[in-house]
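The listed protein sequences correspond, in order, to chains A and B.
Reminder that position 230 of the first sequence reads as 658 in my numbering, one-by-one numbering, no gaps.
Reminder that position 14 of the second sequence reads as 9 in my numbering, one-by-one numbering, no gaps.
Note that the Cβ used here is the ideal one computed from N, Cα and C, for glycine as well.
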Amino acid sequence: MLELRLVQGSLLKKVLEAVKDLVNDANFDCSATGFSLQAMDSSHVALVALLLRSEGFEHYRCDRNISMGMNLGNMAKMLKCAGNDDIITLKADDGSDVVTFMFESPTQDKIADFEMKLMDIDSEHLGIPEAEYHAIVRMPSSEFARICKDLSSIGDTVVISVTKEGVKFSTRGDIGTANIVCRQNTTVDKPEEATVIEMNEPVSLTFALRYFNSFTKATPLSNTVTLSLSSELPVVVEYKIAEMGYIRFYLAPKIED
Amino acid sequence: LKSQARIARFFRSS
């Protein structure tokens, strides 16, 4: 028996909007730790890892570890039917091939349940080792989204370089080149508006921009985003989900042939 | 020239 009640149902709606274009089908894993997902995009270049910790749910019942295969496009369609202020409850019986999403309006005057078929998904689970990153950049998520969108109108790839001067995003295309440098800026009114750069070693990596633009669909989940970079390692683009956990996107770099 | 690496190059199957 599985029963997860999330008072801030809009979080789950936002999570689905953030991942549905990157991944078609995925297994959601439910354990005492929380509700999680790990999945690769169809070209196996990017990986998404989601964790919503059990403590973040108002009610969390998961009698045994369970993995539920879902089509994320279909799940997003169902969650779009929930209001932004609705409480969302996920329910599944042991051995069942369906999951139920229950939506309750805040005043309890409207209660809806949507039942969705589960699917068997044979997915590869990857172990992600702890890594020491050469550089970690925290910046406003809206600023990062703006940079990715702007650069993708010029080129297809971005070079991210971190030096003591700041973090530089560069691209080139048929019409020309673009460089955007963000300097560390901690003298702002609100902490979420700061750009903070922790650098152990300078690092420069090249990535396909279209994946970054996909990751920025998670912008409504967090005011800030963290980029963790190391030479020859996938970049980690992390959006923290307040009080609950995170959504992390890993993107493999382009490497020398 | 750079080519696109896949994620499994860095993380092992668990």
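Between residue i and residue j, what straight-line distance do the alpha-carbon atoms span, to the nearest angstrom?
| i | j | result |
| --- | --- | --- |
| Met506 (chain A) | Asp513 (chain A) | 15 Å |
| Thr634 (chain A) | Ala454 (chain A) | 27 Å |
| Asp457 (chain A) | Thr605 (chain A) | 43 Å |
| Ser656 (chain A) | His562 (chain A) | 8 Å |
| Lys519 (chain A) | Lys448 (chain A) | 21 Å |
| Pro630 (chain A) | Val595 (chain A) | 10 Å |
| Leu661 (chain A) | Asp537 (chain A) | 51 Å |
| Leu637 (chain A) | Thr535 (chain A) | 43 Å |
| Gly462 (chain A) | Thr652 (chain A) | 23 Å |
| Thr528 (chain A) | Ile608 (chain A) | 46 Å |
| Ser659 (chain A) | Met468 (chain A) | 21 Å |
| Glu543 (chain A) | Ile564 (chain A) | 42 Å |
| Leu616 (chain A) | Ser569 (chain A) | The amino acid occupying residue 616 (chain A) in the given sequence is Val; Leu does not appear at that position. Distance between the alpha carbons of Val616 (chain A) and Ser569 (chain A): 15 Å. |
| Ile516 (chain A) | Gln436 (chain A) | 8 Å |
| Val587 (chain A) | Cys576 (chain A) | 11 Å |
| Leu478 (chain A) | Asn613 (chain A) | 29 Å |
| Ser524 (chain A) | Met498 (chain A) | 13 Å |
On the criterion of 16 or more Cβ atoms from any shown chain inside 10 Å, does residue i qualify as buried, or is it exposed?
| i | result |
| --- | --- |
| Glu666 (chain A) | buried |
| Glu684 (chain A) | exposed |
| Pro681 (chain A) | buried |
| Lys545 (chain A) | exposed |
| Ile2 (chain B) | buried |
| Leu(-4) (chain B) | exposed |
| Ala474 (chain A) | buried |
| Ala559 (chain A) | exposed |
| Val451 (chain A) | buried |
Can you tell me whether residue i is helix, strand or coil according to DSSP?
| i | result |
| --- | --- |
| Glu684 (chain A) | strand |
| Phe643 (chain A) | helix |
| Leu478 (chain A) | strand |
| Leu450 (chain A) | coil |
| Arg4 (chain B) | helix |
| Asn493 (chain A) | coil |
| Cys465 (chain A) | Note on identity: in this sequence residue 465 (chain A) is Leu, with Cys being the wrong assignment. Strand. |
| Met498 (chain A) | strand |
| Val435 (chain A) | coil |
| Glu486 (chain A) | coil |
| Val443 (chain A) | helix |
| Leu(-4) (chain B) | coil |
| Leu655 (chain A) | strand |
| Leu430 (chain A) | strand |
| Leu661 (chain A) | coil |
| request: Note down, one range per segment and in chain order, each alpha helix (DSSP H) of at least 4 residues found wholly within the stretch 559 to 640 of chain A. | output: 569 to 580
| task | Go through the stretch 508 to 557 of chain A residue by residue and report every complete run of the beta strand (DSSP E) that reaches 3 residues or more, in order. | result | 515 to 520, 526 to 532, 539 to 545
| task | Using a Cβ-Cβ cut-off of less than 8 Å, give me the residues of the stretch 632 to 645 of chain A that come near chain B, in sequence order. | result | Thr634, Ala636
| message | By the 9 Å beta-carbon criterion, what residues does the stretch 644 to 667 of chain A contribute toward chain B? | response | Glu660, Leu661, Pro662
| message | What are the residues in the stretch 443 to 473 of chain A lying within 9 Å of chain B by C-beta distance? | response | Met468, Asp469, Ser471, His472, Val473
| Near-chain B residues of the stretch 507 to 519 of chain A - C-beta to any C-beta below 8 Å | none
| field | Residues from the stretch 670 to 682 of chain A in contact with chain B, defined by Cβ distance under 9 Å | value | Tyr678, Leu679, Ala680, Pro681, Lys682
| task | Could you name the residues of the stretch 430 to 442 of chain A whose beta carbon sits closer than 7 Å to any beta carbon of chain B, in the order they occur along the chain? | result | none
| message | Counting only Cβ-Cβ distances shorter than 9 Å, please list the residues of the stretch 548 to 567 of chain A near chain B, keeping chain order. | response | Glu552, His553, Leu554, Gly555, Ile556, Pro557
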